[in-house]
Amino acid sequence: MSARFAIPATSFVLKALIDADLASAYSGFAAPKVSVAPPPRPNAGPAPAAAGANAQPEVAQLYLYLHHVAPNAAYRSMALPYVETSGETSTKMPLVLDLHYMLAATGADLERETLLGIGMAALHRQAIVERSKVAALLGAVSIPANPTKLMERLTSEPLANPANHPEQIKISQHPLDIDMSTKLWSALQSPIRPSAYYLVTTTFLETDDSQLDGPPVDELVIAGRANADRNGDPAGDTVVVVEDAP
Numbered sequence: 077m078s079a080r081f082a083i084p085a086t087s088f089v090l091k092a093l094i095d096a097d098l099a100s101a102y103s104g105f106a107a108p109k110v111s112v113a114p115p116p117r118p119n120a121g122p123a124p125a126a127a128g129a130n131a132q133p134e135v136a137q138l139y140l141y142l143h144h145v146a147p148n149a150a151y152r153s154m155a156l157p158y159v160e161t162s163g164e165t166s167t168k169m170p171l172v173l174d175l176h177y178m179l180a181a182t183g184a185d186l187e188r189e190t191l192l193g194i195g196m197a198a199l200h201r202q203a204i205v206e207r208s209k210v211a212a213l214l215g216a217v218s219i220p221a222n223p224t225k226l227m228e229r230l231t232s233e234p235l236a237n238p239a240n241h242p243e244q245i246k247i248s249q250h251p252l253d254i255d256m257s258t259k260l261w262s263a264l265q266s267p268i269r270p271s272a273y274y275l276v277t278t279t280f281l282e283t284d285d286s287q288l289d290g291p292p293v294d295e296l297v298i299a300g301r302a303n304a305d306r307n308g309d310p311a312g313d314t315v316v317v318v319e320d321a322p
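Whatever position you read off the sequence shown (first residue = 1), add 76 for our numbering.
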């Protein structure tokens with residue numbers, strides 16, 4: 077996809093997968109929402125213990141938060157000229173990224189664990205989201221006739237050429253150790269909640285940049301040495317200068 081929509085489209089697809097499983101699991105009940113925002117900070121009011129019976133239970137919800145983006149090591153050399161499946165040489169330089177997500181659950185009592193289990197099962201079951209599935213999820217959303225916001229055009233964005241951009245999403249768990257997990261929650265200024273971490277690869281950000289062609293050859297010089305002795309006098313080399321015909 078284009079650079080402006082590739083990352084949010086990936087988040088949209090993951091969210092749609094979890095939404096579908098939540099709707100199925102909560103059949104007959106109002107399914108909790110899935111947000112792509114970071115987990116919420118505590119309310120500014122009194123602590124739940126101080127509020128007593130008037131304390132409001134935490135809203136049941138899942139948070140699929142993109143907390144880190146890194147370059148994909150396997151595609152670092154994509155900036156070099158390469159041959160596409162069509163046999164043509166391409167010099168486009170896509171930005172290829174790995175996306176790191178946090179899946180966290182909020183809610184009262186054991187509903188948090190229930191939500192986390194549903195979300196993890198959805199991502200595990202759809203560990204590889206094929207190009208056709210990506211297109212179907214994006215195409216299922218109706219586009220306003222006259223969009224007033226940029227993001228309203230997200231689901232209508234065409235996918236990249238499959239010849240050189242394998243537009244499928246691979247989802248795998250990427251556990252963080254307790255030190256990194258604690259630092260992340262501290263940075264979010266949010267109380268730690270049941271959570272899981274995922275690596276989503278690979279996301280292609282199409283750009284219009286291409287490698288510049290090198291300068292044209294002004295003069296082609298072919299030199300040869302008749303004497304095979306490498307210690308011979310190089311002054312005896314035969315030099316032929318090839319020039320363009322008039």
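All C-beta atoms in this analysis are idealised placements derived from N, C-alpha and C, irrespective of residue type, glycine included.
> Between the C-alpha atoms of Q249 and Y273, what's the straight-line distance to the nearest angstrom?
Replying inline: Rounded to the nearest angstrom, the gap between the Cα atoms of Q249 and Y273 is 6 Å.
> Cβ atoms of I94 and L199: under 9 Å apart, would you say?
Replying inline: yes
> Under a three-way DSSP split, which group does H176 fall into?
Replying inline: strand
> Which residue's Cα is closest to the Cα of Q265: L175, N119 and A82?
Replying inline: N119
> Could you give the distance in angstroms between the alpha-carbon of K109 and the alpha-carbon of Y151?
Replying inline: 35 Å
> Does the beta-carbon of I245 have 16 or more other beta-carbons within 10 angstroms, so that it is buried, or is it exposed?
Replying inline: buried
>> Using 8 Å for Cβ pairs, my map puts V276 next to I298. What's the rounded Cβ distance?
In response: Going by Cβ atoms, the distance from V276 to I298 rounds to 53 Å, so no, they are not a contact pair.
>> Please identify the residue among P292, A203, Q132 and L171 whose C-alpha is closest to the C-alpha of N148.
In response: Among P292, A203, Q132 and L171, the Cα nearest to that of N148 belongs to L171.
>> G195 and D97 - do their beta-carbons sit closer together than 9 Å?
In response: A contact, by the Cβ cut-off of 9 Å.
> Among the residues of its own chain, which have a CB less than 7 Å from the CB of P267, if the five just before and after it don't count?
Replying inline: P118
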